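Worksheet: one structure, shown below.
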Amino acid sequence: MKKGLKITAIALGVLLLLMLILPFAFRGKIESIVKTEGNKMLNAQFDFRSLDISLFRNFPKASITLSDFWLRGVGEFENDTLVQAGEVVAAIDLLSLFGDSGYDISKIQIENTRLHAIVLADGRPNWDVMKPDSTSTDTEEEETTDDSPFKIQLQRFVIKNMNLIYDDRQGNMYADIRNLNALCSGDLGSDRTTLKLEAETEALTYKMSGIPFLSNANIYTKMDVDADLANNKFTLKDNEFRLNAIQAGIDGWVELKDPAIDMDLKLNTNEVGFKEILSLIPAIYAKDFDGLKTDGTATLTASVKGSMVGDSIVPQFDIAMAVKNAMFRYPSLPAGVDQINIHAEVKNPGGAIDLTTVNIQPFSFRLAGNPFSLTADVKTPVSDPDFRAEAKGVLNLGMIKQVYPLDDMELNGTINADMQIAGRLSYIEKEQYDRVQASGTIGLTDMKLKMKDMPDVDIHKSLFTFTPKYLQLSETTVNIGKNDLTADSRFENYLGYVLKGTTLKGTLNIRSNHLNLNDFMTTTADSAAQAETTPEATASIIEVPRNIDFQMDANLKEVLFDKMAFTDMNGKLIVKDSKVDMKNLSMNTMGGNVVMNGYYSTTDVEKPEMNAGFKLNALSFAQVYKELDMVQQLAPIFENLKGNFSGSMKVQTVLDTSMSPVLETMQGNGSLSTKDLSLSGVKVIDQIAEAVKKPDLKDMKVKDMTLDFTIENGRVATQPFDIKLGDYVMNLSGSTGLDQTIDYSGKIKLPASAGDLAKLTTLDLKIGGSFTSPKVSIDTKSMANQAVEAVADKAVSELGKKLGLDSAATGNKEELKEAVKEKAAEKALDFLKKKLK
Numbered sequence: 001m002k003k004g005l006k007i008t009a010i011a012l013g014v015l016l017l018l019m020l021i022l023p024f025a026f027r028g029k030i031e032s033i034v035k036t037e038g039n040k041m042l043n044a045q046f047d048f049r050s051l052d053i054s055l056f057r058n059f060p061k062a063s064i065t066l067s068d069f070w071l072r073g074v075g076e077f078e079n080d081t082l083v084q085a086g087e088v089v090a091a092i093d094l095l096s097l098f099g100d101s102g103y104d105i106s107k108i109q110i111e112n113t114r115l116h117a118i119v120l121a122d123g124r125p126n127w128d129v130m131k132p133d134s135t136s137t138d139t140e141e142e143e144t145t146d147d148s149p150f151k152i153q154l155q156r157f158v159i160k161n162m163n164l165i166y167d168d169r170q171g172n173m174y175a176d177i178r179n180l181n182a183l184c185s186g187d188l189g190s191d192r193t194t195l196k197l198e199a200e201t202e203a204l205t206y207k208m209s210g211i212p213f214l215s216n217a218n219i220y221t222k223m224d225v226d227a228d229l230a231n232n233k234f235t236l237k238d239n240e241f242r243l244n245a246i247q248a249g250i251d252g253w254v255e256l257k258d259p260a261i262d263m264d265l266k267l268n269t270n271e272v273g274f275k276e277i278l279s280l281i282p283a284i285y286a287k288d289f290d291g292l293k294t295d296g297t298a299t300l301t302a303s304v305k306g307s308m309v310g311d312s313i314v315p316q317f318d319i320a321m322a323v324k325n326a327m328f329r330y331p332s333l334p335a336g337v338d339q340i341n342i343h344a345e346v347k348n349p350g351g352a353i354d355l356t357t358v359n360i361q362p363f364s365f366r367l368a369g370n371p372f373s374l375t376a377d378v379k380t381p382v383s384d385p386d387f388r389a390e391a392k393g394v395l396n397l398g399m400i401k402q403v404y405p406l407d408d409m410e411l412n413g414t415i416n417a418d419m420q421i422a423g424r425l426s427y428i429e430k431e432q433y434d435r436v437q438a439s440g441t442i443g444l445t446d447m448k449l450k451m452k453d454m455p456d457v458d459i460h461k462s463l464f465t466f467t468p469k470y471l472q473l474s475e476t477t478v479n480i481g482k483n484d485l486t487a488d489s490r491f492e493n494y495l496g497y498v499l500k501g502t503t504l505k506g507t508l509n510i511r512s513n514h515l516n517l518n519d520f521m522t523t524t525a526d527s528a529a530q531a532e533t534t535p536e537a538t539a540s541i542i543e544v545p546r547n548i549d550f551q552m553d554a555n556l557k558e559v560l561f562d563k564m565a566f567t568d569m570n571g572k573l574i575v576k577d578s579k580v581d582m583k584n585l586s587m588n589t590m591g592g593n594v595v596m597n598g599y600y601s602t603t604d605v606e607k608p609e610m611n612a613g614f615k616l617n618a619l620s621f622a623q624v625y626k627e628l629d630m631v632q633q634l635a636p637i638f639e640n641l642k643g644n645f646s647g648s649m650k651v652q653t654v655l656d657t658s659m660s661p662v663l664e665t666m667q668g669n670g671s672l673s674t675k676d677l678s679l680s681g682v683k684v685i686d687q688i689a690e691a692v693k694k695p696d697l698k699d700m701k702v703k704d705m706t707l708d709f710t711i712e713n714g715r716v717a718t719q720p721f722d723i724k725l726g727d728y729v730m731n732l733s734g735s736t737g738l739d740q741t742i743d744y745s746g747k748i749k750l751p752a753s754a755g756d757l758a759k760l761t762t763l764d765l766k767i768g769g770s771f772t773s774p775k776v777s778i779d780t781k782s783m784a785n786q787a788v789e790a791v792a793d794k795a796v797s798e799l800g801k802k803l804g805l806d807s808a809a810t811g812n813k814e815e816l817k818e819a820v821k822e823k824a825a826e827k828a829l830d831f832l833k834k835k836l837k
């Protein structure tokens, strides 16, 4: 018995050892095959961080795991990531690892995945990444298939936490699916099987032609499907479908043909009620939905039958919702919404997508006694939208709190709408405004909004006026906390902008007495913490829309941004083609005045660019250092300079996600001048004063100085410039870097009062180190040679005798000069070393 247990233990130990060792033996082989096969099949870029094999995770199957897998397109899609998966796991038959006939894959699991599917306006999709099939016959195709080392005998497919965006720019459709979890099981290797499907998405948003059909909808489905895999026909059996609170079933079948998909499906919603219909409204579904009281009748029907071929041919479909004389009310609130009537239908007789019609006749309700109604219909939505809409009614915002729980929000004011619009998009594009019917107004009076942790919003009066050609906003003052903004505008082509995204043109005049932009910045401590944990959270790049053509006149009395304050800001802004051009934008700031001409562009939204010229007048060194982070990095010497400067400069730079200059990309040049500049407390000047044995220089003032500079490759370089320090004149040139290093050289012209040193005329300086720890040195060897060169020819012989040279050397003047240089340099060095200890 003991012997048998011992043998069993040894066998188990050997088996476990093999299960630990074997993955290492096969990992390199399989990793090579995955990359080789991927490159054979895909016309795309793909890679993964690591490939691991485990014999424990799906025992008795072997598990192959790809970590941090990504797939990108090529050409126009080269910067678009189609798939990014945190983990892809495939379960493989263990015995197939030891043979040469390929690997049998029975399970695939994908976790933490992001998919971004794009269809361009010309119909090209970014997921068309498979290389063209070079085979010409069925026999060759079979042989090619048999050559693949992977054999799919799939029995289980799992998706965990997938986010998917579908952006169809040709069909003008957009879908956003968040946190999708799905499971599909069945024998996909057989001709016929029952597939068991279960899936749920936390939020699905779907828009068509800009119209939102679903917004953050929670969808769940569980169904059994009779799958005829030989003929690609799938018949729905027992199934359950839920859209928010609407529970239903789906009857029918789908058959995959080439190139069509045939189908006959019908939504079965026998028990739908008005409360379930209300669940389609995200705000209501998310707020005390279980306790909501409702009344009235509701129906929801949907069917689809026929063939779908690509994006151009669709089957016959009909989706209709009807609500009659309904109401809802929260038990804890004094009033409700009643007289709710809805009849909405989206249908197509089958064929071209352009045959789709959308009809709302009507959508009406009464909120706390105030009636409101909307009717609309749209035809030919793809080729030339033919639209008609009418809205009329009064919304008393102060009554909303009586019918809907606003928590900490306070809302007051009245919206009075009376507008009608009808026509075709082509009329607007051809500026045939006489064929478009558009009239009416939307008025807002006495609006007040208070929310926790937000400044109060107050709009006394505002009026939008509509005509076929333009939309006009009357002079409107908005108070947000202590900020005020007054605007009036006129926008042309607003219908084309809303319906088809064409360019919105107009003028906008804005005025303000106080505008603190920091109150509107989203980068708070909480959002910064959220950005660290949420990869999708991005910093506040201000993107300029491509389809905007505005001319703006600004008159702002006081503007605060970051640490800067501006007063009397005036100028013209032209917004066009993702760019803001600034024309003579004048402002008082940092103790002086700045006039700016240039542009800010988000043509490449990942790399915003600023290119501008500045005229500067009487700016304070200390304030510029305090308020501009860029100056703190490039010119920290400004911190201790006392005085003002004027001049001009041009700068071109890429901006980062916080709208700050990326200094490594900055290019520019300029010229600055100053008068009566105090240099006390500047470390470099203190060290120069000590080097020349003149302590008084530490407190000297510079009367006049002009500085020409360039900015390139992360360094600020200056042309030679003079600094007059009393009777001393210092000439400097060099550069400073982003790392705050100093690389300067210069000369100090000495006055006669400098004593023995004055005989040398100038001192040569080298300034290195950094702004926090500068190093000043004097080039004594160069000064010694300078002293000798200054000797006149007529004094050479006499100097030679004084230096102790023999008569033979003094007889030849050229030989004498060389000898004098060598000897004099030696003497001068000894002299300088004593003087400059």
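According to full-length UniProt numbering, the sequence shown holds residues 1 to 837 in order. From the three backbone atoms N, C-alpha and C, an ideal C-beta is built for every residue, glycine too. Since the model is a prediction, treat every value here as computed from it, not as a measurement.
A check of alpha carbon separations from residue 683 across 772, 741, 630 identifies 772 as the nearest. Annotation: the continuous alpha helix (DSSP H) that includes residue 690 extends over 683-691.
Distances from the CA of residue 203 to each of 542, 177, 78 were compared; the closest alpha carbon is that of 177.
In the DSSP assignment, residue 555 is bridged to 511, 570. Taking all protein chains shown into account, residue 259 has fewer than 16 neighbouring C-beta atoms within 10 Å of its C-beta and is therefore exposed. The residues 582, 585, 612, 614, in chain order, have a CB closer than 7 Å to that of residue 596 in the same chain once the five nearest residues on each side in sequence are set aside. One thing to note: residue 418 has its Cβ no nearer than 8 Å to the Cβ of residue 445. Annotation: residue 729 to residue 711 spans about 26 Å, alpha carbon to alpha carbon. Within its own chain, the residues whose Cβ lies closer than 6 Å to the Cβ of residue 770, once the five positions on either side in sequence are excluded, are 740, 741, listed in chain order. Shown here for residue 588: same chain residues with a beta carbon closer than 6 Å to its own, the five before and five after excluded, namely 567, 568 in chain order.
As the crow flies, the alpha-carbon of residue 316 is around 15 Å from that of residue 310.
By the beta-carbon neighbour count (other beta carbons within 10 angstroms, threshold 16), residue 212 is exposed. By the Cβ-count criterion, residue 286 is exposed, with fewer than 16 other Cβ atoms from all chains shown falling within 10 Å of its own Cβ.
Per the coordinates, the alpha-carbon of residue 404 lies some 17 Å from the alpha-carbon of residue 295. Pairing residue 551 with residue 506, the inter-Cα distance amounts to about 7 Å.
In the three-state DSSP reduction, residue 429 falls in the helix class (H, G or I). When only Cα atoms are considered, residue 486 and residue 514 end up about 11 Å apart.
For residue 499, the enclosing alpha helix (DSSP H) begins and ends at 494-500.
For residue 275, the enclosing alpha helix (DSSP H) covers residues 274-278. Residue state for residue 630 is assigned as helix, using DSSP reduced to three classes.
In summary, residue 424 is buried, with 16 or more beta-carbon neighbours lying within 10 Å of its beta-carbon over all protein chains present. Take the alpha-carbon of residue 414 and the one of residue 329: they are about 21 Å apart. By the C-beta density criterion, residue 130 is exposed, having fewer than 16 other C-beta atoms within 10 angstroms.
DSSP, reduced to helix, strand and coil, places residue 285 within a helical segment of the structure shown. One thing to note: residue 547 has its Cβ no nearer than 8 Å to the Cβ of residue 599. Residue 399 carries a helical assignment under DSSP once its states are collapsed to helix, strand and coil. Going by DSSP, residue 86 is part of the beta strand (DSSP E) stretching over 81-92. Sequence-distant partners of residue 44 (beyond 5 residues in either direction) whose C-beta falls short of 8 Å from its own C-beta, in its chain, are 71, 72, 73, 74, 82, 129. In this structure, the straight-line span from the alpha carbon of residue 576 to that of residue 503 is close to 9 Å. In the structure shown, the three-state DSSP call for residue 380 is coil. Counted as a single uninterrupted DSSP element, the beta strand (DSSP E) harbouring residue 415 occupies residues 410-424. Per DSSP, residue 238 is one residue of the beta strand (DSSP E) stretching across 233-243. Buried is the label assigned to residue 635, since at least 16 other Cβ atoms lie within 10 Å of its Cβ.
Beyond the five residues adjoining it in sequence on each side, residue 400 comes within less than 7 Å, by CB distance, of 406, 411 in the same chain, given in chain order. Per DSSP, the beta bridge partners of residue 130 are 42. The segment 218-231 makes no contact with the segment 260-269: fewer than 3 CB pairs, one atom from each, lie closer than 8 Å.
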